[in-house]
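Numbering (our numbering), first residue to last: 13 to 313.
Heads up, the thing below is written out as C-alpha cells.
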C-alpha cells in the first residue's frame, strides 16, 4: 500500500486539521507531498506543534505569500509539476487568487483538485469549524466539548477517497477533474446512527440493550459491547445469568476493579474494555494559542 501513489505529486495549500491529515495519508500511500503554507505558517503548528510535526514528516514544507506576484509565480511552477492540488480555503478566496477550478483547469489541464469546504453548495462560502458542524447535527453534550474532531477527521478520509477517485479518473480520461468535500456532509454521515435512532437515548445502542453499555466497577467504569448472540450467551454463562439485564450486570461489575474485569474478559474472548482517562497530553500549547487564534482571513473555512 505504501507504494500505491509512488510517482504522484500532491501540492497542498490546506491548513488546520482536515487538509494536513489527508495529505499525510496520501503521503503514506506513496505520494510526494509539497506543503505550501502562508507566511505565518499553518495554525496547527502553533496550536498543536507535536501533532503538526507528525503530520508533515517526510513532506516538503514551503512558505509563500500568495498576495505577492513573485510568490504566485512560484506557486504556478509547483502547480505545473503536480498531479493533485488539495485546498481548504473558501471558494471565493481561491477565486481571488486565480485558483478557482475553471481558471486552474485552463492553465493546468492534467491537474486534479480536491477542495475541502465547510458547507456544500450553495453555502460553500459560509464559515464553520468542527464544533459548529457537530452542534448543528445534535452531536454535542453541553457544556462538554467533544474529545475528538469528528467532522475534520471524517472529512480528511473523504478527501483521500476523492483524491484517489480523481487520480483514477485522470488515468482513464487523460485530464484532471475537480471534487468538493464539505465537512458538514462528512459530519452528517457520522451522525446517521443518531438520526436514525440507533444511538439516541433509548435506542438499541443508546441504553436500551443491556449487553451494550457502560457499567461502574469498583474503581471506574467498563464498556461492554456484547452485541452478537454468541457473545451474549458466553457472557451470561460466565456470569451465571439466565438473561442480561442492566440491574444484574451493574451489581456484578461493581464487585471488581475495571482492570480486573478487562483481564477477565480478555481470558474469555469477550468484548469489554475498561474506560481509560484521556491520554496524557503530548507536547505543549503556547500562550498565544491558549489565548485564542488570530483572525485567519481567507484561510477560515
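We put the CB at the ideal spot given by N, CA and C, even for glycine.
Note that the coordinates shown come from a computational prediction; the quantities given were computed from them, not determined experimentally.
Secondary structure of residue 117 (DSSP, three-state): helix. Comparing alpha carbon positions, the residue from 231, 93, 108 closest to residue 120 is 93. Restricting attention to alpha helix (DSSP H) runs no shorter than 4 residues, the stretch 173–206 encloses them at 195–202, ordered along the chain. The three-state secondary structure of residue 258, taken from DSSP, is helix. Restricting attention to 81, 122, 136, the CA atom closest to the CA of residue 104 is found in 136. Per DSSP, residue 37 is one residue of the alpha helix (DSSP H) stretching across 30–40.
Taking 7 Å as the cut-off, the Cβ atoms of residue 23 and residue 90 count as close.
Between residue 193 and residue 37, the CB-CB gap reaches or exceeds 7 Å. Here residue 106 has 99, 112, 127 as same chain residues with Cβ atoms under 8 Å from its own Cβ, once five neighbours each way along the sequence are excluded. For residue 160, the number of other beta carbons within 10 angstroms of its own is below 16, and it is reported as exposed.
In its chain, beyond the 5 residues on either side, 21 have a beta carbon closer than 6 Å to the beta carbon of residue 44. Residue burial annotation: residue 144 is buried, with at least 16 other C-beta atoms found within 10 angstroms of its C-beta.
Where residue 237 is concerned, the enclosing beta strand (DSSP E) starts and stops at 233–237. Within the same chain, and ignoring the five residues on either side of residue 224 in sequence, the residues whose Cβ sits closer than 8 Å to its Cβ are 216, 217, 236, 237, 238, 239. DSSP places residue 125 in the uninterrupted beta strand (DSSP E) bounded by 124–129.
The count of Cβ pairs closer than 8 Å, one atom from the stretch 70–85 and one from the stretch 44–56, reaches three, so the stretches are in contact. The distance from the Cβ of residue 96 to that of residue 62 is about 27 Å, inconsistent with a contact at the 8 Å cut-off.
For residue 151, the closest alpha carbon among the candidates 205, 234, 269 is that of 205. Relative to the Cα of residue 117, the nearest Cα in the group 58, 181, 189 belongs to 189.
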